[in-house]
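A quick write-up on the structure given underneath.
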Amino acid sequence: MASTTVKLSVETRDRIRALGGDTYEDTIIEALDKLEADRFWTQAEAAVSWRESLTDDERAVLVAREAEIDAAFDGIE
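Structural data, given as structure tokens:
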């Protein structure tokens, strides 16, 4: 894998080092994975909240649209 150099402040370098990964890259990858997961679940929770806020009529329209999409993919393997 190709690599590059990133300039960091001494404070940031020390924060990465303090997290104790085998390498800086391992520590940064772990932190990025956690951040991405947190953002995913924040978005998922927002979508659930939005869906729960729909009226019965709005929810029925959405369910019908989802059924149309599902039907379009039936039989595709």
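1 is the number of the first residue of the sequence shown in my numbering; add one for each residue after it. Ideal Cβ positions, reconstructed from N, Cα and C, are used throughout, including at glycine.
Looking at the backbone, the Cα of ILE69 and that of ARG51 are separated by about 18 Å. Separation of ILE29 and ASP56 (C-alpha to C-alpha, rounded to the nearest whole angstrom) is 43 Å. Our two residues, GLU25 and ALA71, have alpha carbons roughly 45 Å apart in a direct line. Rounded to whole angstroms, the gap between the alpha carbons of VAL48 and THR42 is 10 Å. In this structure, the alpha-carbon of GLU36 lies about 18 Å from that of GLY21.
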